[in-house]
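Residue numbers (my numbering): 1 to 328.
For each residue, glycine too, the CB sits at the ideal point set by N, CA and C.
Every value quoted in this text rests on a predicted model; they were computed, and no experiment measured them.
All remarks here apply to the structure that follows.
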Amino acid sequence: MPANLTAQYLKAEEEYRRSSTVDEELKCLQVMLQEIPKHKGTDHLQAMLKSKISKAKREITTEKKGGSRGLRIPRQGAGTAILLGPPNTGKSQLVATLTRAEPEVAPYPFTTKLPAPAMMPWEDVHVQLIDTPPITADYMDSHLHGLTRAADLALLVVDLGSDDGVEQCQEVLDRLSTTKTRLAATSYLDEEDVGLSYTQTFLVANKIDADDARERLDLLHELCPLDFREFVVSAKEATGLEELREAVFRSMDVVRVYTKLPSAKQPDFDRPFTIRRGRTLLDLAGQVHKDYAERLKNARVWGSAVHDGTVVKGDYVLHDKDVVELHI
Ligand SMILES: Nc1nc2c(ncn2[C@@H]2O[C@H](COP(=O)(O)OP(=O)(O)O)[C@@H](O)[C@H]2O)c(=O)[nH]1
Ligand SMILES: [Mg+2]
């Protein structure tokens with residue numbers, strides 16, 4: 001218990017313990033936060049109060065659920081990653097730096113009003129990124145549920161440039177925990193309730209270039225421990241982004257396959273097909289052309305798993321960077 005708490009603080013704390021409604025609870029918490037001495041020794045308690053306040057506010061306002069007019073963004077590229085997070089964390093800046101898109105980046109919240117796709121290159125493939133409006137304790141764009149469920153990956157962006165970053169991140173998680181669209185280390189559907197969907201998530205701690213960013217990162221680990229893979233980056237200075245870019249592609253769990261017709265000397269190395277890991281030659285054939293799955297006789301493969309030019313059948317499981325000559 002920190003020293004020199006005011007009489008008003010102690011009174012509010014006592015009332016808080018006895019409060020019987022969320023409204024009462026919220027009022028007490030707000031007095032406590034206002035009265036608490038602001039110094040390093042009370043950081044932990046301050047953060048705790050803020051998180052309790054946002055939780056109480058959320059409980060008061062949850063009930064207005066947005067309708068689910070689905071906004072569909074056609075899938076493109078090797079897979080889709082959706083950026084999620086509080087306002088001003090640098091989601092749009094990240095999309096701008098990772099892609100060639102030019103979303104509006106500004107130092108005030110709600111600059112991004114609608115989810116917007118852009119293509120992120122990695123080696124010879126692209127991953128679709130979706131920039132989104134922010135999530136706060138009392139606002140979440142209704143399209144985000146469907147888009148998050150449909151995405152292969154979510155990037156939860158945290159602001160290391162602001163003292164409120166950790167609390168706001170917790171608010172996003174709290175908000176999502178009241179819905180059936182949630183974030184987790186891996187994607188899966190709940191065993192008891194298949195309507196409850198978890199999307200694989202990376203934590204992207206942004207603005208590591210900012211003053212005190214390291215301390216805020218420590219605070220994040222302490223107050224908001226998550227089992228997501230974590231990437232510490234600066235979207236502005238482009239630090240840590242190459243590692244993130246590669247991990248995003250790898251998380252799509254696809255392999256690249258270069259196809260070649262028997263008549264062609266060289267496979268088409270510019271535009272690989274991407275296909276989910278574990279899928280077969282037959283699946284690829286159907287992706288190349290809708291008739292090919294039926295007409296496929298066999299294929300010759302050059303790649304890591306077979307001797308050069310090995311003839312394989314439709315059940316051959318594809319590997320990353322296989323070159324495949326389809327015989328139909
Ligand atoms: N210092 C620093 N500022 C950043 C970084 N990324 C974004 N910003 C700033 O943070 C503010 C919000 O960025 P924006 O991308 O619009 O955030 P969004 O609301 O999450 O889309 C802008 O003023 C950006 O210039 C970063 O890596 N470092
Ligand atoms: Mg934005």
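Taking the alpha carbon of residue i as the point to measure from, which residue in the options has its own alpha carbon closest?
i: aspartate 315; options: Leu284, Pro115 and Asp291; result: Leu284
i: alanine 210; options: Leu220, Thr42 and Ser162; result: Ser162
i: tyrosine 139; options: Ser54, Val204, Asp159 and Asp218; result: Ser54
i: leucine 220; options: Asp43, Glu25 and Ala12; result: Asp43
i: leucine 281; options: Pro262, Glu325, Gly309 and Thr148; result: Glu325
i: aspartate 124; options: Ala78, His39 and Glu102; result: Ala78
i: glutamine 8; options: Glu237, Asp23, Gln34 and Ala151; result: Gln34
i: histidine 143; options: Ala305, His126, Lys113 and Tyr188; result: Lys113
i: threonine 179; options: Glu104, Ser197 and Asp164; result: Ser197
i: threonine 259; options: Leu10, Asp141 and Tyr292; result: Tyr292
i: valine 232; options: Asp308, Asp218 and Gln170; result: Asp218
i: glutamine 266; options: Leu241, Val323 and Gly286; result: Val323
i: methionine 32; options: Gly240, Glu13 and Pro109; result: Glu13
i: leucine 223; options: Glu243, Leu45 and Val95; result: Leu45
i: arginine 279; options: Asp268, Asp253, Gln200 and Pro225; result: Asp253
i: threonine 199; options: Thr186, Glu242, Asp131 and Lys27; result: Thr186
i: arginine 300; options: Thr136, Gln287, Ser263 and Thr274; result: Ser263
i: arginine 295; options: Asp270, Leu94 and His327; result: His327
i: methionine 119; options: Pro107, Asp212 and Val95; result: Val95
i: alanine 154; options: Arg75, Tyr108 and Ala81; result: Ala81
i: lysine 207; options: Asp190, Ser92, Asn298 and Pro121; result: Ser92
i: lysine 40; options: Val22, Glu25 and Asp212; result: Asp212
i: histidine 126; options: Tyr188, Leu261 and Asp270; result: Asp270
i: alanine 101; options: Tyr108, Pro109, Pro107 and Pro117; result: Pro117
Report, in whole angstroms, the separation of the C-beta atoms of residue i and residue j, which I expect to be a contact under 8 Å.
i: proline 37; j: asparagine 4; result: 6 Å
i: valine 248; j: proline 272; result: Incorrect: roughly 17 Å between the Cβ atoms, too far for contact.
i: isoleucine 60; j: proline 115; result: No, isoleucine 60 and proline 115 are not in contact; Cβ-Cβ is about 27 Å, not under 8 Å.
i: lysine 321; j: glycine 303; result: 6 Å
i: leucine 129; j: leucine 98; result: 6 Å
i: arginine 216; j: valine 166; result: 7 Å
i: proline 86; j: valine 204; result: With a Cβ gap of about 12 Å, proline 86 and valine 204 do not count as contacting.
i: glutamine 168; j: aspartate 174; result: 10 Å between Cβ atoms; not a contact.
i: threonine 333; j: leucine 156; result: Residue numbering for the chain in the displayed model covers 1 to 328; residue 333 lies beyond these limits and cannot be assessed.
i: lysine 52; j: leucine 29; result: 5 Å
i: tryptophan 122; j: arginine 277; result: About 16 Å; that fails the 8 Å criterion.
i: leucine 238; j: glycine 90; result: As written in the sequence, residue 238 is alanine, which differs from the leucine given in the question. Wrong, their Cβ atoms sit about 12 Å apart, outside the cutoff.
i: threonine 132; j: threonine 181; result: Actually they are not in contact, since the Cβ atoms of threonine 132 and threonine 181 sit about 13 Å apart, beyond 8 Å.
i: alanine 56; j: leucine 26; result: 4 Å
i: asparagine 298; j: valine 312; result: 6 Å
With DSSP as the reference, please indicate the residues paired to residue i in a beta bridge.
i: glutamate 230; result: Leu203
i: leucine 282; result: In the DSSP output, where bridge partners are listed per residue, leucine 282 has none listed.
i: phenylalanine 269; result: Its beta-bridge partners do not exist; DSSP assigns none.
i: serine 197; result: Thr181 and Leu189
i: isoleucine 82; result: Ile130 and Ala154
i: arginine 276; result: Val254
i: valine 125; result: Trp122
i: aspartate 322; result: Val257
So, with DSSP's three-state summary, where would you put residue i?
i: isoleucine 53; result: helix
i: alanine 118; result: strand
i: tyrosine 108; result: coil
i: isoleucine 60; result: helix
i: serine 187; result: coil
i: histidine 44; result: helix
i: arginine 75; result: coil
i: tyrosine 316; result: coil
i: alanine 137; result: coil
i: histidine 307; result: strand
i: glutamate 242; result: helix
i: glutamate 363; result: Residue 363 lies beyond the stretch modelled for the chain, which goes from 1 to 328, so this question has no answer here.
i: histidine 327; result: strand
i: alanine 299; result: strand
i: threonine 259; result: strand
i: aspartate 174; result: helix
i: aspartate 159; result: strand
i: leucine 29; result: helix
i: alanine 291; result: In the sequence under discussion, the amino acid at residue 291 is aspartate, which differs from the alanine named in the question. Correct three-state label for aspartate 291: coil.
i: glycine 67; result: Any reading at glycine 67 is ruled out, since the residue's pLDDT is 30, under 50, leaving its predicted position unreliable.
i: arginine 100; result: coil
i: serine 142; result: coil
i: lysine 91; result: helix
i: histidine 39; result: coil
i: glutamate 15; result: helix
i: cysteine 224; result: coil
i: threonine 6; result: coil
i: aspartate 164; result: coil
i: glutamate 24; result: helix
i: alanine 235; result: coil
i: isoleucine 208; result: coil
i: alanine 247; result: helix
May I ask you to check if the CB of residue i is nearer than 7 Å to at least one heavy atom of ligand 4?
i: lysine 113; result: Ligands displayed in this structure: ligand 1 and ligand 2; ligand 4 is not among them.
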